[in-house]
Amino acid sequence: MERNDEHRVGWPFAARGWKRISRPVGRPEARAGRPRRPHSNAGTRGLPSGVSRGQEPRNGRLGSAIPNFRPHPGATVTNTTRIRFIASLAFGLLVGAAAWNCARAEKPKSRVLLVGVDAGEWDVLGPLLNEGKIPNFARMRDQGSAGKLRSLEPLTKSPIIWASIATGKVPQKHGILDFFMKQLGRENARANAANPGARTAKAAEGEAPATSNLCDYIQYDTASWPSKNSRRTYPDSLDATVERLRVKPENVSWAELFQFVTPIDTTRVTPRQEQLIHDLRWIYAADRTFCRVALELYRNKRPDFFTVYFRGVDEISHTYWDIDLPGGYAPPLTDAELAWLKRLIPNYYVFTDRMLGEFLKEAGKDTDVIVCSDHGFQGGGRGVMAHKLDGMIFMMGPHVEKGGSISGATVLDVTPTILAMFGLPTARDMDGRPIPGGLEASLVKRMEQETRLPTYETARAPGKSEEPLRSPVDQELRERLRSLGYIQ
């Protein structure tokens, strides 16, 4: 029996339960003073003001091994657990912040940190690396590896891509096909691997198991307001932490905004200037909230595997990339206004680099780190039409060989790579493989000799689903996605 209740599956709103992260609802063309996105997909994509095409960095290798870890055959699953995880991991990896303590009987030899940066683009990163303005990305490039990460073809929506990153499977297998989904009235798969001595582990939503099937987790559900059948955080005790650490847009100071735009006399701010940085204020507050919450969890929980997602680069790019093009903003920007916003996008990458640095400091030398994007960005269109097929990936860790090379990697390869770091083989029903040139050669060879499981999804039983979660935020979510051109 199929349930017809629509279900939001994971646009990573930072202020779930709070006010919108960005501009008021409604199509931007209909509002004076808001950005207008061209509807055509131009053949030649320009770069935003202040951005020039740059070279890709040098590449290296990454590797670590954690043997003999398997989830318990008795692991149990619920649909609510799965929905909350995918909403947070797979494009919110998509999360505000999410972390998992891998279920192991012995202390692992290494840990893994995965950082998602939505829409990370080489044409912005390259010049900043050359200018020495993003030292933490540069450190990962120099001490590890860096290169392009190919997205799903043809280009599709971010939730679908992040779900593939989280599962190592194509959309037809993991079952996430849009920003919204219909919830089926049945239980999905349970993780069930071959080590009866391991502790019970929780699993995730979707047709396919995600990386978290191998781990206990703490999740910050950022996208649905509490109702009878839902909670703001899992576990409940995290709610107070999130409330304490969240950054409100109205509390963002001009000093903070001057990281991105040229300083002005704050005693003479005009309504037009306030309007131009309105979205920046919300986007910055969201990423700072995710960063603060995730850092506290990371410091206190010290999990074997931790992941956090930052959406700001994507939203900043959709909002400000094409403002210098005809029709890009209404009314058109003056030369002075264009000059004021000229470095906003590159400067937001610099800010993202600082957030990355905070996590690298906490991770320490014993942690393997992966930073990746779901796609790149090229402008010239709305929604997916503004995306680029190639995103970015950086890898660094205790088993990295400096000066190696990543080539031919895709978003389907991220989960198989993480599995290999924990000494686990890629399942035969996965569509990815450990990232070529990313893992230490000896580890790759050892994993090739491992007996591959047919699947980590070894049980499928019919049963009653929990009632689907309902959220008053869903309509607001639709309007936000519509304003960015992701849905009609």
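Quick note on numbering: full-length UniProt numbering labels position 275 of the sequence shown as 275, and the sequence is numbered without any gaps. The C-beta atom is built at its ideal place from N, Cα and C for all residues, glycine as well.
- Message: Less than 8 Å between the beta carbons of A146 and S317, yes or no?
- Response: As a first step, residue 146 must be located in the sequence shown, where it is residue number 146. As a first step, residue 317 must be located in the sequence shown, where it is residue number 317. Not in contact: A146 and S317 (Cβ atoms no closer than 8 Å).
- Query: What do you reckon, are the CB atoms on D366 and R111 nearer than 8 Å?
  - Reply: As a first step, residue 366 must be located in the sequence shown, where it is residue number 366. As a first step, residue 111 must be located in the sequence shown, where it is residue number 111. Yes. Within cutoff.
- Should F351 and Y298 be called a contact, given that it needs their Cβ atoms to be closer than 8 Å? Taking the sequence shown and counting its residues from 1, the one referred to as residue 351 is at position 351. Taking the sequence shown and counting its residues from 1, the one referred to as residue 298 is at position 298. In this structure, Y298 does not lie closer than 8 Å to F351 by Cβ.
- Item | Reduced DSSP secondary structure (H/G/I, E/B, other) of L113 | In the sequence shown, residue 113 corresponds to position 113, counting from 1. Here L113 sits in strand by DSSP.
- Query: Secondary structure at R244, three-state DSSP: helix, strand or coil?
  - Reply: Reading the sequence shown from its first residue, position 244 is the one you call residue 244. Three-state DSSP puts R244 in a helix.
- Task: Leaving out five residues on either side along the sequence, give the residues of the same chain with a beta carbon under 8 Å from the beta carbon of P425.
- Result: Stepping through the sequence shown from its first residue, residue 425 is reached at position 425. L419, M447, E450, T451, R452, L453.
- For A441, which of E401, A427, R428 has the nearest alpha-carbon? As a first step, residue 441 is located in the sequence shown; it is residue number 441 there, counting from the start. Per the Cα distances, E401.
- Spatial neighbours of A285 in its chain, beta-carbon cut-off 6 Å, leaving aside the 5 residues before and after: Sequence index remark: in the sequence shown, residue 285 carries index 285 (1-based). V247, P249, V252.
- Query: When you compare only the Cα positions, how much space is there between K464 and P154?
  - Reply: For the purposes of this step, residue 464 is identified with residue 464 of the sequence shown, where counting begins at 1. For the purposes of this step, residue 154 is identified with residue 154 of the sequence shown, where counting begins at 1. Its pLDDT being 45, under 50, K464 is placed unreliably in this model, and the value from its coordinates should be taken loosely. Using only the alpha carbons, I get a separation of about 35 Å.
- Message: Considering only heavy atoms of the ligand ATP, does any lie closer than 7 Å to the CB of L453?
- Response: In terms of ligand content, the structure shown is empty, and the ligand ATP therefore cannot be addressed.
- Message: In whole angstroms, give me the CA-to-CA distance for L397 and T270.
- Response: Along the sequence shown, one-based indexing puts residue 397 at 397. Along the sequence shown, one-based indexing puts residue 270 at 270. Reading the sequence as shown, one finds Gly at residue 397 and not Leu. Rounded to whole angstroms, G397 to T270 spans 48 Å at the Cα level.
- Message: So, for N136: in the same chain, excluding its five sequence neighbours on each side, which residues have a beta-carbon less than 7 Å away from its beta-carbon?
- Response: Here the question's residue 136 lines up with position 136 in the sequence shown. Excluding positions up to five away in sequence, the list reads D353, L356, G357, L360.
- Message: Taking its Cβ as the centre, do 16 or more other Cβ atoms sit within 10 Å of K148, making it buried, or is it exposed?
- Response: Against the sequence shown, residue 148 aligns to sequence position 148. With 16 or more other Cβ atoms within 10 Å, it is buried.
- Query: Hey, out of A427, G328, V371, A339, whose CA is closest to M395's CA?
  - Reply: Residue 395 sits at position 395 when you count from the first residue of the sequence shown. Of the listed residues, the one whose Cα sits closest to M395 is V371.
- Simplified DSSP assignment, three categories, for D368: By 1-based counting over the sequence shown, the position of residue 368 is 368. Three-state result, D368: strand.
- Where DSSP assigns a beta bridge to G391, which residues make up the other side? For the purposes of this step, residue 391 is taken as the residue at position 391 of the sequence shown. The partner list for G391 (beta bridge, DSSP) reads L149.
- Item | Whole-angstrom distance between S151 and I393, CA atom to CA atom | The residue labelled residue 393 in the question sits at position 393 within the sequence shown. The residue labelled residue 151 in the question sits at position 151 within the sequence shown. If you take the alpha carbons of I393 and S151, they lie about 11 Å apart.
- Message: Taking 8 Å as the cut-off, does the region 116-132 touch the region 311-330 (at least 3 CB pairs, one atom from each stretch)?
- Response: yes
- Query: What whole-angstrom Cβ distance do L280 and F260 have, given they're in contact under 8 Å?
  - Reply: If you number the sequence shown from 1, residue 280 lands on position 280. If you number the sequence shown from 1, residue 260 lands on position 260. 6 Å between Cβ atoms; contact.
- Query: Just how far apart, CA to CA, sit E337 and A294?
  - Reply: For the purposes of this step, residue 337 is taken as the residue at position 337 of the sequence shown. For the purposes of this step, residue 294 is taken as the residue at position 294 of the sequence shown. Roughly 35 Å separates the two Cα atoms.
- Message: T410 and G379 - do their beta-carbons sit closer together than 8 Å?
- Response: Counted from its first residue, the sequence shown places residue 379 at position 379. Counted from its first residue, the sequence shown places residue 410 at position 410. Against a cut-off of 8 Å, the Cβ pair of T410 and G379 comes out as no contact.
- Query: Mind checking A240: buried by the 16 CB within 10 Å criterion, or exposed?
  - Reply: As a working note, residue 240 is residue 240 in the sequence shown. Flag for A240 reads exposed.
- Message: Could you tell me which whole alpha helix (DSSP H) segments of length 4 or greater appear in the region 244-323?
- Response: 254-257, 271-276, 278-301, 312-320
- Task: Could you round the C-beta distance between L128 and Y456 to whole angstroms and report it? I think they count as a contact, below 8 Å.
- Result: Along the sequence shown, one-based indexing puts residue 128 at 128. Along the sequence shown, one-based indexing puts residue 456 at 456. L128 to Y456, Cβ: 38 Å. No contact.
- Query: K361 lies in the alpha helix (DSSP H); which residues open and close that run?
  - Reply: Along the sequence shown, one-based indexing puts residue 361 at 361. That run of the alpha helix (DSSP H) goes 344-363.
- For G404, the nearest candidate out of G438, I323, R288 (CA to CA): As a first step, residue 404 must be located in the sequence shown, where it is residue number 404. For the residues G438, I323, R288, the minimum Cα distance to G404 belongs to G438.
- Query: Would D287 be called buried (16 or more neighbouring beta carbons within 10 Å of its own) or exposed?
  - Reply: Counting from 1 along the sequence shown, the entry for residue 287 is found at position 287. D287 should be labelled buried.
- Query: How is F137 classed by DSSP in three states: helix, strand or coil?
  - Reply: The residue you call residue 137 lines up with position 137 of the sequence shown. DSSP places F137 in helix when its eight states are reduced to three.
- Item | Helix, strand or coil at T233 [DSSP, three-state] | As a first step, residue 233 is located in the sequence shown; it is residue number 233 there, counting from the start. In this structure, T233 counts as coil in the three-state DSSP scheme.
- Please name the residue, chosen from P331, V369, A163, D324, that lies closest to R343 on a Cα-to-Cα basis. Counting from one through the sequence shown, the residue named residue 343 turns up at place 343. Measuring from the Cα of R343, the nearest candidate turns out to be D324.
- Task: Taking only the alpha-carbon atoms, compute the straight-line gap between residue 515 and H387 and give it to the nearest angstrom.
- Result: One cannot answer for residue 515 here, as it falls past the ends of the chain, which runs 1 to 488.
- Environment of R382 [buried if 16+ CB atoms lie within 10 Å]: Start at 1 with the first residue of the sequence shown, and residue 382 comes out as number 382. Burial call: buried.
- Message: Relative to the C-alpha of E267, which candidate in L113, I277, P346, W254 has its C-alpha closest?
- Response: As a working mapping, residue 267 is identified with position 267 in the sequence shown. A small correction: the amino acid at residue 267 is Thr; Glu does not occupy that position in the sequence shown. Considering only alpha carbons, the answer is W254.
- Task: Kindly indicate which residue of F310, W340, Q275 has the alpha-carbon position closest to the one of P331.
- Result: Numbered from 1 along the sequence shown, position 331 holds the residue referred to as residue 331. The candidate whose alpha carbon is nearest that of P331 is Q275.
- Item | Cα-Cα separation, I165 to D265 | Counted from its first residue, the sequence shown places residue 165 at position 165. Counted from its first residue, the sequence shown places residue 265 at position 265. Taking the straight line joining both Cα atoms gives about 45 Å.
- How would you label P159, buried or exposed, when you count the other beta carbons within 10 angstroms and need 16 or more for buried? Within the sequence shown, residue 159 is the residue found at index 159, counting from 1. Buried.
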